[in-house]
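Trainee: I'd like to ask you about the structure that follows.
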Amino acid sequence: MIALAVLMLPTVLVALDRSILYLALPHIGADLHASSVEQLWMTDIHDFMIAGLLVTMGTLGDRIGRKRLLFLGLAGFAGANLLAAYATTPEMLIGARALVGIAGSTIMPSTMALISAMFRDRRQHMTAIAVWMGCFTAGSAVGPVIGAGLIEEFWWGAAFLIGVPVTLLAVLLGARLLPEHRGATAARIDLPSVVLSLAAILSVVYGLKQLSRDGAATTSLLAMVLGVLCAAMFVRRQRRLPNPLLDVRLFGNRALSSALVLTLCTGIVSGTILFVYLYLQSVAGLSPSATALWLLPSTLTTVVVIQVAPLLVRRIRPAYAIGIGLVVQAVGYLLLTGVDDSGDLGMLVTGSVIAGIGLGPLAALGASLTLQAAPPDKAGSAASLTETAGELGIALGVATIGLFGAAVYRNTIQLDPGLPPEVAAAAGDSAAGAFSVAGSLPTDQAQRLFSEVFGAVTASLHGTAVASAAVALAAAVVAVTALRHVAPVGRSSAGDAAAAASTALPRQDAPMARPDRVS
34 MIALAVLMLP TVLVALDRSI LYLALPHIGA DLHASSVEQL WMTDIHDFMI AGLLVTMGTL
94 GDRIGRKRLL FLGLAGFAGA NLLAAYATTP EMLIGARALV GIAGSTIMPS TMALISAMFR
154 DRRQHMTAIA VWMGCFTAGS AVGPVIGAGL IEEFWWGAAF LIGVPVTLLA VLLGARLLPE
214 HRGATAARID LPSVVLSLAA ILSVVYGLKQ LSRDGAATTS LLAMVLGVLC AAMFVRRQRR
274 LPNPLLDVRL FGNRALSSAL VLTLCTGIVS GTILFVYLYL QSVAGLSPSA TALWLLPSTL
334 TTVVVIQVAP LLVRRIRPAY AIGIGLVVQA VGYLLLTGVD DSGDLGMLVT GSVIAGIGLG
394 PLAALGASLT LQAAPPDKAG SAASLTETAG ELGIALGVAT IGLFGAAVYR NTIQLDPGLP
454 PEVAAAAGDS AAGAFSVAGS LPTDQAQRLF SEVFGAVTAS LHGTAVASAA VALAAAVVAV
514 TALRHVAPVG RSSAGDAAAA ASTALPRQDA PMARPDRVS
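Encoded structure:
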């Protein structure tokens, strides 16, 4: 268990790093005189690098050793954050954040794969993954709070420095306590496959991000088409290689594929949080740090349920635990439709907490189901697939849920006909646009504008909550139907035996089979 605690250190670091930047961004923009486009790249480049390199890094860990890759990633993570903390230009910070993303792409699949190597017993494995996911979720929650304190007490660079001593501690302890583990093959990484996977994922993620900002523009659509074409070429190449970068036969395992779909759905519904943030900071008038504090109950509740879920599946099938949880999550989202534009937060917190409770079983069990469905020597690849599905889900959620919420806002707001055209255009497009031009209006007219904006923001929260509830219910159906063959932990079944047989992949020249199907 001490070794598991060591693995939690880099896991929390990655979660902290991803959430702290958003609070530091206004200070960075003012200090480095960064334009809005440069600020977007400071956040996006990190996500692009992580999403694009997860598959490569997962396989690289299988080839060279998960512990070695983790240590290389931690060293790069510390060095890149040092560079970011003392950046003197926007370009320097963007480059540093790209390096942080590259290093971060090694950490998550390595820690998950090492957990699979250290905990072979199914019950212990689920518990260890639940602890891992709980630490990641908790790190994401407390990141903004810690970041706000560091920025207020020191300067924005301190938010990046917090991870350096923790990284050194993880390396020192890990060198003594963590085992090395690698896959059976030591074949070289196929570089064309790396390029194709990077191009496919980066193009899709970039296209989705542009779609969320600009709508169905030519650039976003072309990027996504390019990504799909590169993905098709990637899959075709993997089928022909004797030692592929990613063994696509893994997708023939029903449990693994279903768990990935559910992880994707989890990322999609996370798009609603954007409108929860918007409501809290506009209608309720909270600061970013206060917003983070108001959302802590939901996140901490999720952490608790994540720890309880492995105990739950000792008695009932994971499919039912996950399915019931997703229905509860949908109920939580539907409760958000009861939030009004008065700024009262009781219903919002209640709905968020219930949604967090429902998320817990899938967050705890999804990654474990994926890893247990894969052969031990493919654990790094399976871990990278889990993380990639999550990254793509988040990008898809921001694009689709974000676009839907923006459309609800534009169709709901009723502007004063007497507003100047430029003010009406800005206010009718987004809440941020309305706030940016409200200062140019007389007090009474500005108050009327705020009233309309608050109503439209509330309506967009309602709309996105309903959309997320629908996705959660659809995911519940997938969970119950596709994972019902997986027995409760500690019990065996025909479905389990068949699922276990599916981890012995057929020869590379054999046709893809469905060995986990229960007859």
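Everything in the sequence shown is counted per the numbering used here, starting at 34 for the first residue and increasing by one. Every residue, glycine too, gets a C-beta built ideally from N, C-alpha and C. All figures in this text were calculated on a predicted structure; none of them were measured in a lab.
Helix, strand or coil for Asp-77? Go by DSSP, reduced to three states.
Mentor: For the purposes of this step, residue 77 is taken as residue 44 along the sequence shown, with counting starting at 1. Of the three classes helix, strand and coil, the one that applies to Asp-77 here is helix, per DSSP.
Trainee: Quick check: Gln-314 and Ala-505, are their CB atoms within less than 8 Å of each other?
Mentor: As a first step, residue 314 is located in the sequence shown; it is residue number 281 there, counting from the start. As a first step, residue 505 is located in the sequence shown; it is residue number 472 there, counting from the start. Contact flag unset, no.
Trainee: In three-state terms, what does DSSP make of Ala-527?
Mentor: The count along the sequence shown starts at 1 and reaches residue 527 at position 494. Bear in mind that a pLDDT of 44 at Ala-527, under 50, signals an unreliable position, so the model cannot answer this.
Trainee: For Tyr-119, I'd like the list of residues in its chain whose CB is within less than 8 Å of its CB, leaving aside the five on either flank, ordered along the chain.
Mentor: If you number the sequence shown from 1, residue 119 lands on position 86. Within the same chain, Tyr-119 has close Cβ partners Gly-190.
Trainee: Looking at C-beta atoms only, is the number of pairs between the segment 398 to 405 and the segment 203 to 215 that lie closer than 8 Å three or more?
Mentor: Too few Cβ pairs lie closer than 8 Å, so no.
Trainee: Regarding Pro-351 and the ligand SAM, is the C-beta to nearest heavy atom distance less than 7 Å?
Mentor: The ligand SAM is not part of this structure, which contains no ligands at all.
Trainee: Below 8 Å on the Cβ atoms is my contact criterion, and I expect Phe-187 with Ala-233 to pass it. Report the Cβ-Cβ distance as a whole number of Å.
Mentor: The sequence position of residue 187 within the sequence shown is 154, counting from 1. The sequence position of residue 233 within the sequence shown is 200, counting from 1. The Cβ separation is near 41 Å, so there is no contact.
Trainee: Looking at Cys-263: is its Cβ nearer than 8 Å to the Cβ of Ser-236?
Mentor: In the sequence shown, counting from the first residue as 1, residue 263 sits at position 230. In the sequence shown, counting from the first residue as 1, residue 236 sits at position 203. Yes, Cβ-Cβ distance for Cys-263 and Ser-236 is below 8 Å.
Trainee: Would you check if the distance between the CB atom of Met-166 and the CB atom of Ile-339 is smaller than 8 Å?
Mentor: Taking the first residue of the sequence shown as 1, we reach residue 166 at position 133. Taking the first residue of the sequence shown as 1, we reach residue 339 at position 306. Yes, the Cβ-Cβ distance between Met-166 and Ile-339 is below 8 Å.
Trainee: Please state the DSSP three-state secondary structure of Ser-375.
Mentor: Here residue 375 is taken as the residue at index 342 of the sequence shown, counted from 1. It is coil, neither helix nor strand.
Trainee: Check Ser-501 in the structure and name its three-state DSSP category.
Mentor: On the sequence shown, residue 501 is found 468 positions in, with the first residue counted as 1. Reduced to three states, the DSSP call for Ser-501 is helix.
Trainee: Could you give the DSSP three-state label for Leu-474: helix, strand or coil?
Mentor: As a position in the sequence shown, residue 474 is number 441, starting the count at 1. Three-state result, Leu-474: coil.
Trainee: Here's the rule I'm using: 16 or more other beta-carbon atoms within 10 Å means buried, otherwise exposed. How should Asn-444 be labelled?
Mentor: What you label residue 444 is simply residue 411 of the sequence shown in a count that begins at 1. Classification for Asn-444: exposed.
Trainee: Is Thr-122 helix, strand or coil when you go by DSSP?
Mentor: Translated into positions along the sequence shown, residue 122 becomes position 89. Here Thr-122 sits in coil by DSSP.
Trainee: Please return the same chain residues whose Cβ sits closer than 8 Å to the Cβ of Ala-530, not counting the five positions on each side in sequence.
Mentor: As a working mapping, residue 530 is identified with position 497 in the sequence shown. Confidence at Ala-530 is low in this model, with a pLDDT of 45, below 50, so the placement of that residue is unreliable and no value is reported for it.
Trainee: From Gly-318 to Leu-429, what does the alpha carbon distance come to, in whole angstroms?
Mentor: Residue mapping note: residue 318 aligns to position 285 of the sequence shown, counting from 1. Residue mapping note: residue 429 aligns to position 396 of the sequence shown, counting from 1. Approximately 28 Å between the Cα atoms of the pair.
Trainee: Is the distance from the Cβ of Gly-304 to the Cβ of Gly-496 below 8 Å?
Mentor: Translated into the one-based positions of the sequence shown, residue 304 becomes position 271. Translated into the one-based positions of the sequence shown, residue 496 becomes position 463. No, Cβ-Cβ distance for Gly-304 and Gly-496 is not below 8 Å.
Trainee: Pull up the distance between the alpha-carbon of Pro-198 and that of Asp-95, whole angstroms please.
Mentor: Your numbering for residue 198 matches position 165 in the sequence shown. Your numbering for residue 95 matches position 62 in the sequence shown. Rounded to the nearest angstrom, the two C-alpha atoms are 28 Å apart.
Trainee: If you compare alpha carbons, which of Gln-72, Met-125, Tyr-239 and Ala-181 is closest to Ile-83?
Mentor: For the purposes of this step, residue 83 is identified with residue 50 of the sequence shown, where counting begins at 1. Considering only alpha carbons, the answer is Tyr-239.
Trainee: Ignore the nearest five residues each way along the sequence and tell me which others in Val-499's own chain have a CB closer than 8 Å to its CB.
Mentor: Taking the sequence shown and counting its residues from 1, one reaches residue 499 at position 466. So the list reads Tyr-366, Leu-367 and Thr-370, once near-sequence residues are dropped.
Trainee: With contact counted as at least three CB pairs below 8 Å, one residue from each stretch, are the segment 162 to 182 and the segment 106 to 123 in contact?
Mentor: With the cut-off at 8 Å, the segment 162 to 182 and the segment 106 to 123 do not touch.
Trainee: Does DSSP put Ala-288 in a helix, in a strand, or in coil?
Mentor: Residue numbering aside, residue 288 sits at position 255 when the sequence shown is read from its first letter. Helix.
Trainee: Identify whether Glu-213 lies in helix, strand or coil by the three-state DSSP scheme.
Mentor: For the purposes of this step, residue 213 is taken as residue 180 along the sequence shown, with counting starting at 1. It is coil, neither helix nor strand.
Trainee: If you draw a straight line from the alpha carbon of Glu-213 to that of Ile-97, how long is it in whole angstroms?
Mentor: For the purposes of this step, residue 213 is identified with residue 180 of the sequence shown, where counting begins at 1. For the purposes of this step, residue 97 is identified with residue 64 of the sequence shown, where counting begins at 1. Going by the C-alpha atoms only, they are around 10 Å apart.
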